[in-house]
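Residue 46 in numbering that gives the first Met the number 0 sits at position 47 of the sequence shown, and the numbers go up by one each step.
All C-beta atoms in this analysis are idealised placements derived from N, C-alpha and C, irrespective of residue type, glycine included.
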Amino acid sequence: MHVLITGGAGFIGANFVHQTLRRFPEATVTVLDKLTYAGNQGSLEGLEERATLVVGDIADADTVDPLVAQADVVVHFAAESHNDNSLNDPSPFIRTNLVGTFTLLEAVRRHKTRFHHVSTDEVYGDLELDDPAKFTPETPYNPSSPYSASKAGSDLLVRAWVRSFGIEATISNCSNNYGPYQHIEKFIPRQITNLIDGVRPKLYGAGQNVRDWIHVLDHNDAVWDIVNKGRIGETYLIGANGEKNNKEVVELILELMGHEPDDYDHVNDRPGHDMRYAIDNTKLVQELGWEPRFTDFRSGLAETIAWYRDNEAWWRPLKAEVEAKYAAQGQ
0 MHVLITGGAG FIGANFVHQT LRRFPEATVT VLDKLTYAGN QGSLEGLEER
50 ATLVVGDIAD ADTVDPLVAQ ADVVVHFAAE SHNDNSLNDP SPFIRTNLVG
100 TFTLLEAVRR HKTRFHHVST DEVYGDLELD DPAKFTPETP YNPSSPYSAS
150 KAGSDLLVRA WVRSFGIEAT ISNCSNNYGP YQHIEKFIPR QITNLIDGVR
200 PKLYGAGQNV RDWIHVLDHN DAVWDIVNKG RIGETYLIGA NGEKNNKEVV
250 ELILELMGHE PDDYDHVNDR PGHDMRYAID NTKLVQELGW EPRFTDFRSG
300 LAETIAWYRD NEAWWRPLKA EVEAKYAAQG Q
């Protein structure tokens, strides 16, 4: 089996490359990644014998077409994904998430290649804190940022290409991931690396915003179950019943790293900050038999903290620039 993984030098994609090579000993992988600031070639270190990195843009048809032609399956992680960045400049999100997905879909159509599209629960908007409901595959799309709107558009492109052209594709929408190789601009690794540097963590607003946390390895196991067993044209929601508000997460990080639970600073909230995400994973569990392995958020977070402690060389070159950018925003 030969797998083309777009965005395979990013956080979730790099973990997926590692998992794929462990899960399928005979498989080979091509990673297509633009190596923007969010991609890190170091995340693929040691995999060179079975994984080939192609530095390129998913919106470039001349780059995409021959890679899709060689693949048995395309798993599409590549995306611009940081909400704050989409508020500052939406244009890269339109090119990568919409034009890039369109370019891949056209190549998949030409070569009749199996395609899986990885998306986000943010396409559904948000829920009230006291709402008992969760997102399901039938929840109407209601994106609230340029990022989530561009991902919603990419999902709809995939659905249209399945219906109009008969491509073999599936979609997954996942909740917030955590784990190794996550860029330190993101919430959990930013707090961990701040504490390693002796800097107090930063909490948006009152910290009441709720996210449905899932370990990246659980997410990627679910993606392979969907690729192998999912029904063509279907959307599956990936979540592990891990709802925590941001204040709880920061306080747990502080505790696990030996600090007082109130040893953090409040900073300006993000404009239009969604209140709550929550995934109903019933379809995934009942149809495909998937179950999360990392059901204890505390232990998963402790392992993640240990990874950042042990891999300072991976994140250290990024830290000063990230913190300078947040300081300029008052965050």
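For the pair the region 137-144 and the region 190-200, tell me if three or more CB-CB distances fall below 8 angstroms. no
When you compare the CB positions of residue 13 and residue 180, do they come within less than 8 angstroms of one another, or not? yes
Residue span of the beta strand (DSSP E) that contains residue 115, given as start and end: 113-119
Applying the criterion that 16 or more other CB atoms from any shown protein chain within 10 Å of the CB defines a buried residue, is residue 164 buried or exposed? exposed
Which two residues bound the contiguous alpha helix (DSSP H) that contains residue 219? 215-228
Residue 242 in three-state terms, based on DSSP: strand
Leaving out five residues before and five after residue 274 in sequence, what residues of the same chain have Cβ atoms less than 8 angstroms from its Cβ? 125, 126, 127, 128, 207, 208 and 209
Between 46, 313, 289 and 57, which lies nearest to residue 31 when the distance is taken from Cα to Cα? 57
Checking 8 angstroms against the spacing of the C-beta atoms, do residue 167 and residue 113 come in under that value? yes
Quick one: what's got a C-beta closer than 8 angstroms to residue 71's C-beta in the same chain, skipping five residues either side? 0, 1, 2, 112 and 113
Confirm, please, whether the CB-CB distance from residue 216 to residue 40 is below 8 angstroms. no
Is residue 309 buried or exposed, if buried means 16 or more other CB atoms sit within 10 Å of its CB? exposed
Output the distance between the C-alpha atoms of residue 317 and residue 148, rounded to the nearest integer angstrom. 28 angstroms
Mind checking residue 90: buried by the 16 CB within 10 Å criterion, or exposed? exposed
The alpha helix (DSSP H) that contains residue 102, what's its start and end? 100-110
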